[in-house]
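Chains as they are written, first to last, in the working numbering: chain V, 845 to 1108; chain Y, 878 to 1648.
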C-alpha cells in the first residue's frame, strides 16, 4: 500500500515539482518520559535507556534521565538495573527464557511506569538464497537475497528482519523490515528483500530473523509509519505497552542468525 | 405528519372552482433541438404567474379560461411571444433561438435574470459549460468542478487531491449525479481534472444547502449534472486539441426532430512524451485517462420518450511491466418519460453505477494483483404534478441495491493463498414528497419530506459486533440477503423566500440529510484507493442538519448580484480511524473505526457583475468545520482537514471585441489543517517525532493567479473555432502539496521541514472547433 502511494506520488512529482526547505511554527508539547528496552532471549546484557521528549526542530539532543530506579522481574525474582551513564541502565549477563513473562518497572521522580512482555518461541532461518536480477527502475543489477524459513502453523508469528550486506546494515529503526504471518500462516516463507540494495558477487550477507511478540510488532509498525511519513493516515504516536503514558515499548526478541557469501 | 396531511389536503381542495385549462409542452433550442432546462413561460397579464421547464424541457401551467399573452424565454435566448385564447388544454413545442449579440455581452432579458433573488431555492450554484469557456484553467482543460470551487462555500481539495469540500463537509458527503447515476470518484489523474468532459454536459446545479426532498443519500451537497441530448436537427462535430488531452464530440439526429444521439470522447496523452525517454522503464510507462460519454433519446409520441445514457472513464498508470494501476467509473441510465396528463409528468429510471480500481505489482512469475469495487443497481420513479400556478408537487421513490467488494488479492506465487474479502450487500431506499407553493406575490415556500431507510444484508457469513477497543463482543451468522441491520429516518426539507422589494429578498432553509454509505480514506488526502463502506451493525448512518439564512440583492437593473448566506450544520455519527489503523485488505475494517460528531458554520459573501464588457465575481467565505471524537485529540474539538477558514476567489473576464476575450482569476485559501509533531525523541539513536493534538497545524496559505486569452476565429454558418491561451499560476507560487521532515544537510541530527509543490508556472494552449 505504502509502496503504491509512493509510486503514485513519484509519478505525480516527476511531472513537475519543486522542493524547498520552509519555516513552519509548531506548538510546544508536554515533556514525556521515553523508555527504550530490548530484551533478547538467551544470555545477554539487558540495557534500558531512559530519556525525555525534547524539541522537534533545532537542538533536539535527548534529555537524559540518570536518577531512575529500574527493575526487571520474571515472576519469581526481581533484578535491579544499574545506571552506567548517558541514560543507560544495565543488567549484565541476564538469561531470558522463551515462554516466561517479564515485568519491567521504571520509577522516575515519583512517576512509575510498568510493562509486561512474554518472550516468544523463536523461529530459525532455514536458508538464505539469492538470484541474479537485471537493472530496473527499482534496483541495480545484482543479486536479490531471500530469507527462507518455516512459519509454525496455528499461532500468530511476528518477525523483524535485519540484514547486513558487505557491511551495509538494513532493518534498523529508520528502515524497519517487518513481517507477520497473517496471510502465510504455517507456510514455508520465502521473503525476497526487494526494498534494499542488491548484493554483488563476493559480498558477505548476514541475516537476523527476530521473532517477537504482537506488542513489539505493532509498536515497530507505529514507528515505521511515523518515520516513513506513513501511508498518509493522520500520524499518531506509536502505541507501546508501558503504563502511565510513557513513550516506548518493552521489546522482546528471539534472534537467529545465518550468513552466506554470494557466488556465481 | 398530521400537519403535513392537512397541508396536502388543503392544496388539493384549492382545486377548480373556476374553469381551468392547462398549457403544457416542451421548450427547445432551435439550433440543435436540445431541451432547455429552467426556461420560463410568463403570462404578460399575470406578472406573478409562470412556469419553469424541468430537466427534460417540459413545462405545464394551468390558468383560468381567458385571453393571455405568453412569453417563452430562457437565459441567452430571444423571447417568443404568443397570444392565445384559452378555451381548451393547449400543447406547445417552442423552439427558442440563441440571442447571439446579447449572449456575447452576457446580457440577458426577461424576469429570469433576477433568479438569484426571486427563486425560492438558496444555497444553489448553477453553471453551464458555455459560460465557463473564458475562465482560465490548468492546462487549458475547462472543468466544471474546478470552476465551482471559485464559488463561495465550495472549496478545492488542493492540488493533487481529488474532490471538493462543500460547507465544511467531507469529499464523500457530496452526491455527484451524472444523468441520475452516482459517480463515486469524480477525479482524473489524482485530482488534476474532473471526470466530466464539458463538451458532453448541458447543465450543472450544485446544492450547498436547502436540498429539495427529491435528492438524498449524502450529507453535504448535491451536484446534479445533465448530459446533452445531442443535436436532433443535423449532424455536427466539435472538439478541441490541447497540450494534455484532446476531445471529440459527434452528434446528430436518429430521426429528425424525434431522436438524437451524442458521443463524446476525451483522452489525455501526457504519456506520449514518456516515449522519448532513454530509460526503458519510463519509456514503457503509462499515464493517461479517457472518458466516453454516450447518450441517445427517442420520442415515441407526444406522451412517451426514452433516453439511454452512459459514461465510461478510466485512469491508467504503469511503470514498465512491474507496476500497474488503473481505476474508473462506469454508469448507465435508461429513462422513460411519460405524460399521464398535461399536469402529471412521470420519469422512470433504471440506473447502474460502478466504480473499481485494481493494481498489479511484480512481474513474471512473482506478481500480485489487487481489485476492489462498488456496484449499484438503482430503480427510481419520479412524478411532477403541476397542480396550478401556485403549486408544483413532486413525489417519488427509489431503491438502490449496493454491492461492496472490499478487495481481493491474487498472486501467481504458488505458496500464496489468495485473499478474497466477502462482498458486503445493502439496499438503500427512499420515498419523498415535496411542494413548491406560492403563498403570495412575495412569499413562497418549498417544503418536503423524505423518508429513507437502509438494510444491511448478510452474505452467508458471520457479522461481528465490536466494542470501542475493537474487540468482538458478538458474532451472528446471516444468510445471503437476510436483514442484518435496519436504519431509517425522516428527512424534512424546507426553504422559504420573502421578497423585501423588487430587487431584494431574504431566504431561509432547513434540511436534514441521512448518509448511509461512507468513504474510508487510506490517506489524509483522497486517493483512488479510498473504499466505500455501508452502514452496518457497527457503523451508524451519518445525520446532518443544516440551517441557513440569506440576503439577496441585485443592483443596476440586475447588472450586479449580491448575496450573503450564513449557515450552521450539526453532524452526527461521523467516522474516523483510530490512531495507527491498518486498512489495507482488512476484512475487519470496522474494528479500526471510531465515531464522533461535528459542527460546521460559516458566512458566504458573493458579488457578481453580470453585464457589460467586464464581467466577473468576487467571493469570500469565512467558515469553520470542527470534529469531536472521544478517541482523538483527548476528546476535544479539533479542525477537520477541510477547515479552510478564509477563502477568496476573484474572477474577471473582459471582452474586448468579437474576437478577443481576456480573463484572470485569483484564489486565496487558508492552508489545510494537518497534524505535525510538537516534539521529538530518540529510539535506538534515531529521531522520532512526537505528536500531541490532531490537525493543530496548518499548511502554508494557498494562493494563485491564472490568466487566459481566447481568440475567436470568424464564425461562419458551417464552422467556428477558437484558440485559448492560458497561464496557470502566473506568479509561480509554490503551493504546498506535502511537507516532509528531513535531516538538515547543514546540521546533521537536526530536523527541518521540506515542502513539495507540484506546479509552478504552467502555460497551455488549446484549439477548439465546431462544425
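No residue lacks a Cβ here, since even glycine has one placed at the ideal position from N, Cα and C.
Residue contact check for residue 1566 (chain Y) against chain V: a CB pair falls below 8 angstroms.
Residue contact check for residue 1633 (chain Y) against chain V: a CB pair falls below 8 angstroms. In the three-state scheme derived from DSSP, where H, G and I count as helix and E and B as strand, residue 897 (chain V) is classed as coil. Nearest to residue 916 (chain V) by alpha-carbon distance, out of V:867, V:1103, V:1096 and V:953, is V:1096. A straight line joining the alpha-carbon of residue 1107 (chain Y) with that of residue 1094 (chain Y) spans about 30 angstroms.
Proximity of chain V to residue 1563 (chain Y) at the Cβ level (cut-off 9 angstroms) is accounted for by 1016, 1017, 1018, 1067 and 1071, in chain order.
Here the alpha carbon of residue 914 (chain V) sits roughly 37 angstroms from the alpha carbon of residue 869 (chain V).
Beyond the five residues adjoining it in sequence on each side, residue 1441 (chain Y) comes within less than 8 angstroms, by CB distance, of 1427, 1428, 1480, 1481, 1482 and 1483 in the same chain, given in chain order. Within the same chain, 934 come within 6 angstroms of residue 926 (chain V) by CB-CB distance, once the 5 residues on both sides are set aside.
At a cut-off of 8 angstroms between C-beta atoms, residue 1099 (chain V) does not count as an interface residue with respect to chain Y.
When secondary structure is reduced to three states using DSSP, residue 1407 (chain Y) falls in the coil class, being assigned neither helix nor strand. Residue 1141 (chain Y) and residue 1020 (chain Y) have their C-alpha atoms spaced approximately 15 angstroms apart. With at least 16 other beta carbons inside 10 angstroms of its own, residue 936 (chain Y) counts as buried. The residues 1505 and 1570, in chain order, have a CB closer than 8 angstroms to that of residue 1513 (chain Y) in the same chain once the five nearest residues on each side in sequence are set aside.
Residue 1490 (chain Y) places its beta carbon 8 angstroms or farther from that of residue 1455 (chain Y). By the C-beta density criterion, residue 1139 (chain Y) is buried, having at least 16 other C-beta atoms within 10 angstroms.
A Cβ of chain Y is located within less than 8 angstroms of the beta carbon of residue 1092 (chain V). Taking 8 angstroms as the upper bound on Cβ-Cβ separation, chain V lies near no residue of the segment 1429-1452 of chain Y. Looking only at Y:1182, Y:1313, Y:1364 and Y:1411, the smallest Cα-Cα distance to residue 1373 (chain Y) is reached by Y:1313.
For the segment 881-914 of chain V, the set of positions with a beta-carbon nearer than 7 angstroms to some beta-carbon of chain Y reads 895, 897, 898, 899, 900, 901, 902, 904 and 906 in chain order. Around the beta-carbon of residue 1608 (chain Y), fewer than 16 other beta-carbon atoms lie within 10 Å, marking it exposed. Pairing residue 1501 (chain Y) with residue 1000 (chain V), the inter-Cα distance amounts to about 45 angstroms.
Each residue's CA atom was taken as its position, placing residue 961 (chain V) and residue 1333 (chain Y) some 41 angstroms apart. Residue 1320 (chain Y) and residue 1376 (chain Y) have their C-alpha atoms some 7 angstroms from each other. Within the same chain, and ignoring the five residues on either side of residue 1642 (chain Y) in sequence, the residues whose Cβ sits closer than 6 angstroms to its Cβ are 1602. The C-alpha of residue 1369 (chain Y) lies about 22 angstroms from the C-alpha of residue 1264 (chain Y). Residue range 1058-1071 is occupied by the alpha helix (DSSP H) that includes residue 1066 (chain V). For residue 1611 (chain Y), the closest Cβ of chain V is nearer than 8 angstroms. Residue environment for residue 1523 (chain Y): exposed (fewer than 16 other C-beta atoms within 10 angstroms of its C-beta).
Within the DSSP bridge table, the entry for residue 1104 (chain V) names V:1049 as partners.
For residue 995 (chain Y), the uninterrupted alpha helix (DSSP H) run begins and ends at 992-995, by DSSP.
The segment 1227-1239 of chain Y makes no contact with the segment 1080-1090 of chain Y: fewer than 3 CB pairs, one atom from each, lie closer than 8 angstroms.
Around residue 1032 (chain V), the beta-carbon contacts reaching into chain Y at under 7 angstroms are 1292.
In the structure shown, residue 1510 (chain Y) falls within a helical segment according to DSSP collapsed to helix, strand and coil. Residues of chain Y whose Cβ lies closer than 7 angstroms to the Cβ of residue 1079 (chain V) are, in chain order, 1552 and 1568. Residue pairing for residue 1216 (chain Y): DSSP places it in a beta bridge opposite Y:1222.
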